[in-house]
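Down below is the structure, laid out as structure tokens.
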Amino acid sequence: MSSEWPLWEVFIRGQHGLNHRHVGSLHAPDAEMAIRNARDVYTRRNEGVSIWVVPSSAITASSPSEKGPLFDPANDKVYRHPTFFDIPAEIGHM
Amino acid sequence: MYAQLVTTEGGTPREGMSDQERAFQERIDRNEKIEPKEWMPEGYRKTLIRQIGQHAHSEIVGQLPEGNWIGRAPTLERKAILLAKVQDEAGHGLYLYSAAETLGVSRDELLEALHSGKMKYSSIFNYPTLTWADMGAVGWLVDGAAIMNQVPLQRTSYGPYARAMIRICKEESFHQRQGYDIMMKMCAGTPEQKAMAQDALNRFWYPSLMMFGPSDKDSVHSEQSMAWKIKMNTNDELRQRFVDQTVPQAEYLGLTVPDPDLRWNEDKGGYDFSEPDWSEFYAVIAGNGPCNAERLGARVKAWEDGAWFRDGLMAHADKARARRVAAE
Numbered sequence: 001m002s003s004e005w006p007l008w009e010v011f012i013r014g015q016h017g018l019n020h021r022h023v024g025s026l027h028a029p030d031a032e033m034a035i036r037n038a039r040d041v042y043t044r045r046n047e048g049v050s051i052w053v054v055p056s057s058a059i060t061a062s063s064p065s066e067k068g069p070l071f072d073p074a075n076d077k078v079y080r081h082p083t084f085f086d087i088p089a090e091i092g093h094m
Numbered sequence: 001m002y003a004q005l006v007t008t009e010g011g012t013p014r015e016g017m018s019d020q021e022r023a024f025q026e027r028i029d030r031n032e033k034i035e036p037k038e039w040m041p042e043g044y045r046k047t048l049i050r051q052i053g054q055h056a057h058s059e060i061v062g063q064l065p066e067g068n069w070i071g072r073a074p075t076l077e078r079k080a081i082l083l084a085k086v087q088d089e090a091g092h093g094l095y096l097y098s099a100a101e102t103l104g105v106s107r108d109e110l111l112e113a114l115h116s117g118k119m120k121y122s123s124i125f126n127y128p129t130l131t132w133a134d135m136g137a138v139g140w141l142v143d144g145a146a147i148m149n150q151v152p153l154q155r156t157s158y159g160p161y162a163r164a165m166i167r168i169c170k171e172e173s174f175h176q177r178q179g180y181d182i183m184m185k186m187c188a189g190t191p192e193q194k195a196m197a198q199d200a201l202n203r204f205w206y207p208s209l210m211m212f213g214p215s216d217k218d219s220v221h222s223e224q225s226m227a228w229k230i231k232m233n234t235n236d237e238l239r240q241r242f243v244d245q246t247v248p249q250a251e252y253l254g255l256t257v258p259d260p261d262l263r264w265n266e267d268k269g270g271y272d273f274s275e276p277d278w279s280e281f282y283a284v285i286a287g288n289g290p291c292n293a294e295r296l297g298a299r300v301k302a303w304e305d306g307a308w309f310r311d312g313l314m315a316h317a318d319k320a321r322a323r324r325v326a327a328e
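If you read the sequences in order, they're chains A and B.
Take the first sequence: its position 3, counting from 1, is numbered 3 in full-length UniProt numbering, and each next residue is one higher.
Take the second sequence: its position 274, counting from 1, is numbered 274 in full-length UniProt numbering, and each next residue is one higher.
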């Protein structure tokens, strides 16, 4: 039984200067082949101008069960949003 | 559909659910997406692996009937288009295998289950593609039926599956249109060419209707899959939609749908039509279709013949890594 190729996560930067965005994953023996395969499966229709590949095993993810406490600090700070502040209409756009 | 007769694991009836199970079901009811590392009932996980896996296998095996015509396409342009379409199917298989892998099954396990016959692929790919017109019929009808099923699945509850479906749907409409384009060309051609188009429709009509799976009244676990939102519509609903959409397209081509009982039903606002021969469907699923042995044989051969190549690339990668480490 041969060993399975490692899994890579693929990130693509689209045409318009936005961040690289996670688009999916694939198996490849090494980083170079991962980029080539990513080109073939994730940019067949000009979806990207740049590709990153990262070994899936190198990604540390936050734990779903800690979602509550992890994101809780943001919940009671509505003043971080500009709409928290009432600015008189005569001031115009701010 | 691309996933037919997927056995759904029994879920727990709402009144008997644990707090965890109830919270899970409520998230689905609120249309929240379930993501890979989150808690999920074992039945949900297992059913999804079966469904997504079968769908992935269908994409890959589905390359074979069309691959049959790449070398014999009538023009260089048609050849390039068909090649691009078949390449898309490989991509669709990859998106789906990746989605299934997030549920804790490995790619090799999935392929092994396909090769040993433990997992199925869609019955439609066990029919032969005898003429170039079949490339038209497959794109128009088979991909058309697939779209019918996949569009609602973009809203399915499992995040990675829904995202794979979104990518696939974007690409799928190219497939259907290229098929219909072939049919239009054939139907505007010589009487012989139009007859080939009619013959292709005759052979692919009922197998396409079978793609949606047996009638819901015979489909035991539909309800649980629908509660989990991994099945969004009943088989009969989707089949009806497909017929209603396809009949006018056939009329435009000047072709006759091979069903003497097909007629518009004003009351239901849809067509009445004949059921496919379900005994044929079950025979094909059981492995006795015209091309089952050939299709599976081709997959197994490709896997076995490619082993040295996969191993070679892995050995090269390992060596290169060792060299880099030594140089540091």
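From the three backbone atoms N, C-alpha and C, an ideal C-beta is built for every residue, glycine too.
Since the structure is predicted, the reported quantities are computational estimates derived from the model, not experimental observations.
Quick check on Val142/B: buried or exposed, where buried means 16 or more other Cβ atoms within 10 Å of its Cβ? Reading the second sequence from its first residue, position 142 is the one you call residue 142/B. With at least 16 other beta carbons inside 10 angstroms of its own, Val142/B counts as buried.
Can you tell me whether Met1/A is buried or exposed? The criterion is at least 16 other CB atoms within 10 Å of its CB, across all chains shown. Against the first sequence, residue 1/A aligns to sequence position 1. Low confidence applies here, because Met1/A scores a pLDDT of 43, under 50, leaving its location unreliable; read the following figure in that light. With fewer than 16 Cβ atoms within 10 Å of its Cβ, Met1/A is classed as exposed.
To test your reading of the DSSP string, which unbroken beta strand (DSSP E) runs of 3 or more residues are found completely within the stretch 65 to 101 of chain B? Within the stretch 65 to 101 of chain B, no complete beta strand (DSSP E) run reaches 3 residues.
Mark Lys229/B as exposed unless 16 or more other C-beta atoms lie within 10 angstroms of its C-beta, in which case mark it buried. Here residue 229/B refers to the residue found at position 229 of the second sequence. Flag for Lys229/B reads buried.
Alpha-carbon spacing of Glu101/B relative to Arg107/B, whole angstroms: Indexing the second sequence from 1 puts residue 101/B at position 101. Indexing the second sequence from 1 puts residue 107/B at position 107. Glu101/B and Arg107/B: Cα-Cα distance of roughly 7 Å.
Three-state secondary structure (DSSP) at Leu296/B? Locating residue 296/B in the second sequence gives position 296, where the first residue counts as 1. Residue state, collapsed to three classes: helix.
Note down, in chain order, each residue of its chain lying with its Cβ closer than 6 Å to the Cβ of Gly11/B, except the 5 sequence neighbours on either side. For the purposes of this step, residue 11/B is identified with residue 11 of the second sequence, where counting begins at 1. So the qualifying residues of the chain are Gly43 and Gln224.
By the criterion of Cβ-Cβ separation under 7 Å, what are the contact partners of Asp30/A in chain B? The residue labelled residue 30/A in the question sits at position 30 within the first sequence. Result: Ala317 and Ala320.
My output table needs one value for Ile91/A: the three-state DSSP class, helix, strand or coil. On the first sequence, position 91 is the one that residue 91/A refers to. Note: Ile91/A maps to helix in three-state DSSP.
Could you round the C-beta distance between Tyr161/B and Ile52/B to whole angstroms and report it? I think they count as a contact, below 8 Å. In the second sequence, counting from the first residue as 1, residue 161/B sits at position 161. In the second sequence, counting from the first residue as 1, residue 52/B sits at position 52. Correct: roughly 6 Å between the Cβ atoms.
So what's His22/A in DSSP terms, helix, strand or just coil? Position 22 of the first sequence, counted from the first residue, corresponds to residue 22/A. In the three-state scheme derived from DSSP, where H, G and I count as helix and E and B as strand, His22/A is classed as strand.
Are there three or more Cβ pairs, one per stretch, closer than 8 Å when the stretch 145 to 154 of chain B is compared with the stretch 163 to 175 of chain B? Output reads yes: the stretch 163 to 175 of chain B touches the stretch 145 to 154 of chain B.
Chain-ordered chain A contacts of Asp108/B [CB-CB under 7 Å]: To locate residue 108/B, count along the second sequence from 1; it is residue 108. Result: Glu4.
With DSSP collapsed to three states, give me the class of Leu262/B. What you label residue 262/B is simply residue 262 of the second sequence in a count that begins at 1. Looking at Leu262/B - three-state DSSP - the assignment turns out to be coil, as it is neither helix nor strand.
Beta-carbon separation of His57/B and Met135/B under 8 Å? Counting from one through the second sequence, the residue named residue 57/B turns up at place 57. Counting from one through the second sequence, the residue named residue 135/B turns up at place 135. It is not a contact, given that the beta carbons lie outside the stated cut-off.
Closer than 7 Å by beta-carbon distance: list the chain A residues that pair up with Tyr95/B, in chain order. Here residue 95/B corresponds to residue number 95 of the second sequence, with the count starting at 1. By Cβ distance, chain A contributes Gly24.
What does Ala61/A touch in chain B if you count any residue whose Cβ is under 8 Å from its own? For the purposes of this step, residue 61/A is taken as the residue at position 61 of the first sequence. Chain B residues near Ala61/A: Lys37.
Closer than 8 Å, CB to CB, is Met314/B near chain A or not? As a first step, residue 314/B must be located in the second sequence, where it is residue number 314. Yes - at least one Cβ of chain A is within 8 Å of the one on Met314/B.
Is the CB-CB distance between Pro207/B and Tyr127/B below 8 Å? Position 207 of the second sequence, counted from the first residue, corresponds to residue 207/B. Position 127 of the second sequence, counted from the first residue, corresponds to residue 127/B. Yes; because the gap between Cβ atoms is below 8 Å, this pair is in contact.
So if I threshold CB-CB distances at 8 Å, which residues from the stretch 22 to 46 of chain B count as touching chain A? Answer in chain order: Glu35, Lys37, Glu38 and Trp39.
Could you give the C-beta distance for Val53/A and Ala31/A, rounded to a whole number, given that I count them as a contact under 8 Å? Against the first sequence, residue 53/A aligns to sequence position 53. Against the first sequence, residue 31/A aligns to sequence position 31. Yes, Val53/A and Ala31/A are in contact; Cβ-Cβ is about 6 Å, under 8 Å.
Report buried or exposed for Tyr252/B, applying the criterion of at least 16 other Cβ atoms within 10 angstroms of its Cβ. Stepping through the second sequence from its first residue, residue 252/B is reached at position 252. The residue in question, Tyr252/B, is exposed, as its Cβ has fewer than 16 Cβ neighbours within 10 Å.
Reduced DSSP secondary structure (H/G/I, E/B, other) of Ser50/A: For the purposes of this step, residue 50/A is identified with residue 50 of the first sequence, where counting begins at 1. Secondary structure of Ser50/A (DSSP, three-state): strand.
Alpha-carbon spacing of Glu275/B relative to Pro73/A, whole angstroms: For the purposes of this step, residue 275/B is identified with residue 275 of the second sequence, where counting begins at 1. For the purposes of this step, residue 73/A is identified with residue 73 of the first sequence, where counting begins at 1. When rounded, the separation of the alpha-carbon atoms in Glu275/B and Pro73/A is 58 Å.
So for Met1/A, helix, strand or coil by DSSP? Position 1 of the first sequence, counting from 1, holds the residue named residue 1/A. Legend: pLDDT at Met1/A = 43, less than 50; position of this residue unreliable, no value from coordinates given.
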